[in-house]
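Protein chains: 2
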Amino acid sequence: MTDPDSPAPRSAGARRGRPPSNALSRERILDAALAVLEREGPDALTLRRLGADLGSNHTAVLRYFSGKDDILLGLAERLIAEAVDGFEPGPTWRATLTGLARRVRRACLAHPALAVLVASRVSRRDAEFRGADLVIGALLEAGFGARESARYYRSLVDVTLAMSSFEAASAMLDGPEREGDRMAWQREYLMASPQRFPQLASVAPHLAQADEDDQFEFVMGLLLDAVEARSGRPV
Amino acid sequence: MTDPDSPAPRSAGARRGRPPSNALSRERILDAALAVLEREGPDALTLRRLGADLGSNHTAVLRYFSGKDDILLGLAERLIAEAVDGFEPGPTWRATLTGLARRVRRACLAHPALAVLVASRVSRRDAEFRGADLVIGALLEAGFGARESARYYRSLVDVTLAMSSFEAASAMLDGPEREGDRMAWQREYLMASPQRFPQLASVAPHLAQADEDDQFEFVMGLLLDAVEARSGRPV
DNA sequence: ACCTGAACACCGTTCAAGT
DNA sequence: ACCTGAACACCGTTCAAGT
Chain A
1 MTDPDSPAPR SAGARRGRPP SNALSRERIL DAALAVLERE GPDALTLRRL GADLGSNHTA
61 VLRYFSGKDD ILLGLAERLI AEAVDGFEPG PTWRATLTGL ARRVRRACLA HPALAVLVAS
121 RVSRRDAEFR GADLVIGALL EAGFGARESA RYYRSLVDVT LAMSSFEAAS AMLDGPEREG
181 DRMAWQREYL MASPQRFPQL ASVAPHLAQA DEDDQFEFVM GLLLDAVEAR SGRPV
Chain B
1 MTDPDSPAPR SAGARRGRPP SNALSRERIL DAALAVLERE GPDALTLRRL GADLGSNHTA
61 VLRYFSGKDD ILLGLAERLI AEAVDGFEPG PTWRATLTGL ARRVRRACLA HPALAVLVAS
121 RVSRRDAEFR GADLVIGALL EAGFGARESA RYYRSLVDVT LAMSSFEAAS AMLDGPEREG
181 DRMAWQREYL MASPQRFPQL ASVAPHLAQA DEDDQFEFVM GLLLDAVEAR SGRPV
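Just so you know, the protein sequences line up as chains A and B, in that order.
For the first sequence, the UniProt record's numbering assigns the number 235 to the last residue and increments by one with no breaks.
For the second sequence, the UniProt record's numbering assigns the number 235 to the last residue and increments by one with no breaks.
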């Protein structure tokens, strides 16, 4: 059942004067939802707010989506599509895997409020299948069998999605413009009792140094090192 | 519900004895909150529900916590404490790291509704410091310097927490009834078009086979393999 | 000192009625 | 065919008033 949604556009002849700017559609609703999320965060996304932004009654949206949750699912598909659309495999299987992981993370950080809401429930739809096909293709190319490829696929996807949404959640918590809280985080670790936590204390000054970009690259590097070591086909 | 075991009805002197059973306290409120979360999931945790369960007005709770968010933070500390309390380092540094990761995951899966709510905002408090001290101690023992230990610490903690909460989120989504949706997940992947997604199709039957326990162990194994390879001190 | 009850400003969803 | 408006059953938080 693909695409029973978009209501019939009005006939060309009826187009006199201004088109009704408030004609609803699934796409227009998703656009508005994304705009609210990006500007004001997850809590601002309510049906009433959406109706106001769209110039409609807040219940009109329910003609296009079965409920708020359905809107979230539609946004989830957009998020994963943003990561996968236009991606081309790299020169090596490892480059392909690294590149796709970076794109997923980038999409999550570009829409952190959305990532927080939907990352653990990516809808199994077209964009996700395309991503899966690319990842599994790279793993088969690396020399893994079907069973192993399935395993590594799940590991890489789980870690990438989990870390990306985790990071998005921190970004949201710190507030859109608050750099201050990250300093607080570091300060608390630096203030932990050296008597009670000697190992922690000896390392604390380094804890806040690595930035998030480096951190993600580092973890993916670790993971792919292990995958490569097991593949028997170093790139 | 009547309470036949309740203390003697209030008399003139009762006030000087033990407090009435419905006396509020932070601990009693956290107990009640945890009970609601475990029985009925994240959405059931409301101040009104908490008040009802505690036999109090729903606003009385606000005398002990500054708001609902403050209750969540209190629960977060309990979650991490459950993972860390009583843990002893293993015979090797790798065993220590594996053991602690398993405990964090187990605590998250024991309280999935809680893990979903708080995993990305673990409060930097006592239990977390104890965990950090253990992990960093193991990494120093593995031969890493302070800077490297800080890096690996963050990687291991991020992946463990992110994957555990991610998994908890899936467990919650599948609903307490379970099982049904995991089959649906598998079915959708099996039904993906083999023409459009040939690599995916060739591997799909294996995708749903690995259970979640194996999956977590597998990822931690990959990560620790890479850490061990870089340590220059195989266990 | 601790708790209650009412009030306030919100939610998502349903549904009869309008156009 | 599409949308509105009222209604329903909820939220978290504040605060004057009770005991």
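For each residue, glycine too, the CB sits at the ideal point set by N, CA and C.
**OP:** Report yes or no: do the segment 114 to 124 of chain B and the segment 147 to 165 of chain B share at least 3 C-beta pairs separated by less than 8 angstroms?
**Re:** yes
**OP:** For D133/B, count neighbouring Cβ atoms within 10 angstroms of its own Cβ and tell me buried if that reaches 16, exposed if not.
**Re:** The sequence position of residue 133/B within the second sequence is 133, counting from 1. Classification of D133/B: buried, given that the 10 Å Cβ count is 16 or more.
Original post:
Looking at the C-beta of R105/B, does it have a partner C-beta in chain A at a distance below 8 angstroms?
Top reply: Indexing the second sequence from 1 puts residue 105/B at position 105. By this cut-off, R105/B is not an interface position.
Subject >> Extent of the continuous alpha helix (DSSP H) run through T59/B >> reply: Counted from its first residue, the second sequence places residue 59/B at position 59. That residue, T59/B, is in no alpha helix (DSSP H); it is neither H nor E in DSSP.
Original post:
Do we get a CB-CB distance below 8 angstroms when we pair A81/B with the residues of chain A?
Top reply: As a working note, residue 81/B is residue 81 in the second sequence. Cβ-Cβ to chain A under 8 angstroms: no for A81/B.
Original post:
Between G137/B and chain A, is there a C-beta pair that is closer than 8 angstroms?
Top reply: The count along the second sequence starts at 1 and reaches residue 137/B at position 137. Closer than 8 angstroms: yes.
**OP:** Note down, in chain order, every chain B residue with its Cβ under 7 angstroms from the Cβ of W185/A.
**Re:** For the purposes of this step, residue 185/A is taken as the residue at position 185 of the first sequence. Those are R124, listed as they occur along chain B.
**OP:** Give the interface partners of A192/A over in chain B, defined as CB-CB distance under 7 angstroms, in chain order.
**Re:** For the purposes of this step, residue 192/A is taken as residue 192 along the first sequence, with counting starting at 1. Those within 7 angstroms of A192/A in chain B are F129.
**OP:** Following the continuous alpha helix (DSSP H) through T96/B, name the residue where it begins and the one where it ends.
**Re:** Within the second sequence, the letter at position 96 stands for residue 96/B. Counting along the chain, the alpha helix (DSSP H) containing T96/B begins and ends at 93 to 110.
**OP:** Output, in chain order, the set of chain A residues within a Cβ distance shorter than 8 angstroms of H206/B.
**Re:** Position 206 of the second sequence, counted from the first residue, corresponds to residue 206/B. Per Cβ cutoff of 8 angstroms: A146, R147, S149, A150, R151.
**OP:** Return the CA-CA distance between P91/B and V135/B, expressed in angstroms with no decimal places.
**Re:** As a working mapping, residue 91/B is identified with position 91 in the second sequence. As a working mapping, residue 135/B is identified with position 135 in the second sequence. Roughly 14 angstroms separates the two Cα atoms.
Subject >> Sequence ranges, beta strand (DSSP E) only - wholly within the segment 109 to 133 of chain B, length at least 3 >> reply: none
**OP:** Compute the distance between the beta-carbons of A83/A and V116/A, then report whether it is under 8 angstroms.
**Re:** Along the first sequence, one-based indexing puts residue 83/A at 83. Along the first sequence, one-based indexing puts residue 116/A at 116. Going by C-beta atoms, A83/A is not nearer than 8 angstroms to V116/A.
Subject >> Same chain, Cβ closer than 8 angstroms to M172/A, five either side skipped, listed in chain order >> reply: What you label residue 172/A is simply residue 172 of the first sequence in a count that begins at 1. Only G41, P42, P112, A113, V116 meet the Cβ criterion.
Original post:
Taking 8 angstroms as the CB-CB limit, is G180/B close to chain A?
Top reply: Residue numbering aside, residue 180/B sits at position 180 when the second sequence is read from its first letter. Bear in mind that a pLDDT of 49 at G180/B, under 50, signals an unreliable position, so the number given afterwards is only what the model happens to contain. For G180/B, the answer is no, since every Cβ of chain A falls outside 8 angstroms of its Cβ.
**OP:** Return the chain-ordered list of same chain residues with a C-beta closer than 8 angstroms to the C-beta of R63/A, the five sequence neighbours on each side being excluded.
**Re:** Along the first sequence, one-based indexing puts residue 63/A at 63. These residues qualify, in order along the chain: L24.
Original post:
Would you say residue 236/B faces chain A, with C-beta separation under 8 angstroms as the test?
Top reply: Examination of residue 236/B is not possible in this model, given that chain B is present from 1 through 235 alone.
Original post:
Of all the options R28/B, R130/B, R124/B, D70/B, which has the alpha carbon lying nearest to the alpha carbon of W185/A?
Top reply: What you label residue 185/A is simply residue 185 of the first sequence in a count that begins at 1. Here the closest residue by C-alpha is R124/B.
Original post:
Should G232/A be flagged as near chain B, meaning a C-beta pair shorter than 8 angstroms?
Top reply: Here residue 232/A is taken as the residue at index 232 of the first sequence, counted from 1. So no, G232/A is outside the interface.
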